[in-house]
Amino acid sequence: MGTRESRGASRREVLAAVAGFAGSAICSWPALAADSDHAGSALGLQRLTAQPVRLPLQGPGKPETAMWAYNATVPGPTLRFRQGEPARFELVNRLPEPTTVHCHGIRLPNAMDGVPDVTQAAVPPGGRFVYEFTPPDAGTYWYHPHFQTSEQLGRGLAGALIVEERAPVPVDRDLVWLLADWRLTQEGAVSEDFDAPMDALHAGRYGNLVTLNGKVAPVVPVRAGERLRLRLINAASARIFVLAFPGHQPWVVALDGQPTAPRRPDAGVVVLAPAERVDLIVDMTGNPGEAFEVLDGARPSRPYAVAALAYSDDTPLRPSPPDVPVALVANPLPEPDLGNSVKASVVLSGGAMGRLPEALMGALRDHRMMERGGARKGAQFWAFNDRALMKAHDVPLVTVPRGQTLVLALENQTHWPHPIHLHGFAFRVLSRNGKPVQPAPWRDTVLLDAEETAEIAFVADNPGDWMFHCHILEHQETGMMGIVRVS
Ligand code: C2O
Ligand code: CU
Numbered sequence: 003m004g005t006r007e008s009r010g011a012s013r014r015e016v017l018a019a020v021a022g023f024a025g026s027a028i029c030s031w032p033a034l035a036a037d038s039d040h041a042g043s044a045l046g047l048q049r050l051t052a053q054p055v056r057l058p059l060q061g062p063g064k065p066e067t068a069m070w071a072y073n074a075t076v077p078g079p080t081l082r083f084r085q086g087e088p089a090r091f092e093l094v095n096r097l098p099e100p101t102t103v104h105c106h107g108i109r110l111p112n113a114m115d116g117v118p119d120v121t122q123a124a125v126p127p128g129g130r131f132v133y134e135f136t137p138p139d140a141g142t143y144w145y146h147p148h149f150q151t152s153e154q155l156g157r158g159l160a161g162a163l164i165v166e167e168r169a170p171v172p173v174d175r176d177l178v179w180l181l182a183d184w185r186l187t188q189e190g191a192v193s194e195d196f197d198a199p200m201d202a203l204h205a206g207r208y209g210n211l212v213t214l215n216g217k218v219a220p221v222v223p224v225r226a227g228e229r230l231r232l233r234l235i236n237a238a239s240a241r242i243f244v245l246a247f248p249g250h251q252p253w254v255v256a257l258d259g260q261p262t263a264p265r266r267p268d269a270g271v272v273v274l275a276p277a278e279r280v281d282l283i284v285d286m287t288g289n290p291g292e293a294f295e296v297l298d299g300a301r302p303s304r305p306y307a308v309a310a311l312a313y314s315d316d317t318p319l320r321p322s323p324p325d326v327p328v329a330l331v332a333n334p335l336p337e338p339d340l341g342n343s344v345k346a347s348v349v350l351s352g353g354a355m356g357r358l359p360e361a362l363m364g365a366l367r368d369h370r371m372m373e374r375g376g377a378r379k380g381a382q383f384w385a386f387n388d389r390a391l392m393k394a395h396d397v398p399l400v401t402v403p404r405g406q407t408l409v410l411a412l413e414n415q416t417h418w419p420h421p422i423h424l425h426g427f428a429f430r431v432l433s434r435n436g437k438p439v440q441p442a443p444w445r446d447t448v449l450l451d452a453e454e455t456a457e458i459a460f461v462a463d464n465p466g467d468w469m470f471h472c473h474i475l476e477h478q479e480t481g482m483m484g485i486v487r488v489s
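My numbering puts the first residue of the sequence shown at 3, with every later residue one more than the last.
Rendered as C-alpha cells:
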C-alpha cells in the first residue's frame, strides 16, 4: 500500500501546444450506442437506491465483499442526461446512516448540490430526495455522497454521470472507465479504518486493490482500426493515477468534462488525481489478435495493469487511423473578466512535516498520544488560511458578489499534493508557480503539487455557499475544506 509514497510522479498537466486540426471526418461513423452495461434511461425518473450489498469485488473464486452500493452495483449505474435538458433522479437511502448525492462538476442550483447542512439536510435512513437540474454543460462528470465521504465512498458509493453532447461525437464507441481504489482486509472485507490519522496526515487512504468499472484489470475487447472515446474518472479517495497506454497514442480532448483542443498528453501519460476526469480519443492501432495492457505507473518501479485491450481477430475496421480528432464543442461557460475582478488567496497548510497553525496543534498532540490506528472524529490536521473547517456553518473562506470574476491565488505550503475542488463552477487555471498556463484550461479540480502555487479564475454567477476542498477525502475531513460564498 502506497500510504507514504504519494509523489510517484509529478503533475504533468495538460498544456502542450495545440495540435492543429483539420476536422475532416473521413469515414462515416456508426450511430453511437451508449455503453450498454452502464445504461441508464435518459428519460423519466431514475432511482438511485443506496444500500448494503455483497459483491464479488475481488473476482470469481475469491470471497465476496460486503459493500455499500447504488442499485446493488459497483460502480453505481451511469446516469446519462442531455445537455440543456431537465435531469432528475431520486435518491433512496437504505443505508444505516444519513447520506446525500453530490453531482461532481455539474453547474446546478445550490439547493441541488448535495452537501449536508450547507445545501440540504442529509437524507436519513429510509428517506428520499429528488435531485433536479438542467445541466448546461456536456461532458464527463460523476456522483458520490457528501456525508462521511471517505467512509461512504470507501465502501463503494460512486458512479459516472454523463451529459451527452447535442450532436454526436465521431467515434466508434464511447466507454466510461471509472477507477476506484479499495482497502480490503485479508478476509476480503472493506477495511474499516476510515479516518485513520496516519492516512489523514500523509497522502490519504490508499488501498490495496484497484478496479476499473468494479473489476480488477478487466479485459476490454476491441477491434483493430476502431476509434474509442474513453471517459476516465478517478473515484479513489486518495490515489493519483499516472496512466500509460503502451502501443497506443491517445489524444486528450476534455478535462473535468470541459473540452480542450485535442493534444497528446505530456510525456505520453495521463495524470488523474482524485475526482479528476480526462476524456481521451484512442485509436486502436494494434493488429488483430494482439493484446496490450493499460498501466498505472504512479510508482515507476511498480507499474501494474488497470485494464487490458484485447484485439479481436477481425480485419481492421478502417485501413489507417482517422485524422486528428475533431475538437468537442465548447460549453457555454462565462469568460472571467480579469481586468475587473475580486482577488483572494488561499494558503494550504498542515500535514506531516508541515507547519500547522498553533490553534490546531492540539489535534496533532492528541494524535501522538493516541493508541495506534484509532479514528478520532474531529481531528484537524490541515487548514486553509490557518483555519480548519469542521462545522458547515463556519465563516466563509471567501465571499464574492454575484456576477463578479473571482481570481483565487492558491499556495500549497505543505509537503503533499492536493487536488483542490470547487463545487458548482468550472474555473480557468491561469498560472502555475507564477507562469501563465496557455491556453488556460477549464477545470473543477486543480492538482497542486507539494509547495506549488496556482491561480484560478471564474465568474461567480451562481449564488450560494459552495464547498471548496481537497478531494483527498481524508484531508477534506480533517480540515482542508471551506466555503466560497457567492452573495
Ligand atoms: Cu467530488 Cu465536494 O466533491
Ligand atoms: Cu489534500
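Beta carbons: idealized from backbone N, C-alpha and C, even for Gly.
- Counting along the chain, Gly-156 sits inside the alpha helix (DSSP H) bounded by residues 151 to 156.
- A check of alpha carbon separations from Ala-68 across Arg-49, Thr-121, Arg-185, Arg-109 identifies Arg-185 as the nearest.
- The distance from the Cβ of Trp-70 to that of His-106 is about 18 Å, inconsistent with a contact at the 8 Å cut-off.
- Contact between the region 121 to 133 and the region 153 to 170 is absent: fewer than 3 CB-CB pairs across the two stretches fall below 8 Å.
- Taking 8 Å as the cut-off, the beta carbon of Pro-290 is found closer than this to the beta carbon of Ala-226.
- Taking non-hydrogen atoms of the ligand C2O into account, the C-beta of His-417 is found less than 7 Å away from none of them.
- Taking a cut-off of 8 Å on C-beta distances, the region 235 to 242 touches the region 202 to 212, as three or more cross pairs fall below it.
- His-204: not part of any beta strand (DSSP E); DSSP gives it neither H nor E.
- Under the three-state reduction of DSSP, Glu-166 is assigned to strand.
- Distance between Val-344 and Thr-407, taken at the CA atoms: about 6 Å.
- Annotation: Leu-81 is outside any alpha helix (DSSP H); the continuous beta strand (DSSP E) that includes it extends over 78 to 84.
- Short of 8 Å from the beta carbon of Lys-64, and not among the five residues preceding or following it, lie these beta carbons of its own chain, in chain order: Pro-58, Gly-190.
- Ala-459 has Val-409, Arg-430 as its beta-bridge partners, per DSSP.
- Distance from the CA of Pro-261 to the CA of Trp-444, rounded to the nearest whole angstrom, comes to 8 Å.
- Going by DSSP, Glu-476 is part of no beta strand (DSSP E) but of the alpha helix (DSSP H) stretching over 475 to 478.
- Rounded to the nearest angstrom, the Cβ distance from Arg-279 to Asp-298 is 16 Å, too far for a contact under 8 Å.
- Counted as a single uninterrupted DSSP element, the beta strand (DSSP E) harbouring Ile-235 occupies residues 229 to 236.
- In this structure, the straight-line span from the alpha carbon of Arg-265 to that of Ala-123 is close to 43 Å.
- In this structure the region 215 to 230 lies against the region 72 to 81, because at least three pairs of beta carbons, one per stretch, are closer than 8 Å.
- Listed as beta-bridge partners of Pro-264 by DSSP are no residues whatsoever.
- Pairing Val-328 with Gly-288, the inter-Cα distance amounts to about 22 Å.
- Considering only Arg-109, Pro-137, Pro-100, the residue with the shortest C-alpha distance to Asp-119 is Pro-100.
- By the criterion of a C-beta distance shorter than 7 Å, Phe-149 is surrounded in its chain by Pro-100, Thr-101, Thr-102, Pro-118, Ala-124, once the five residues flanking it on both sides are discounted.
- For the pair Pro-147 and Leu-163, the CB atoms are not nearer than the 8 Å cut-off.
- Proximity to the ligand C2O was defined by a C-beta distance below 6 Å to any of its heavy atoms, and the residues meeting it, in sequence along the chain, are His-104, His-106, His-146, His-148, Ala-277, His-423, His-425, Met-469, His-471, His-473.
- Remark: the shortest separation between the CB of Met-355 and any heavy atom of the ligand CU does not fall under 7 Å.
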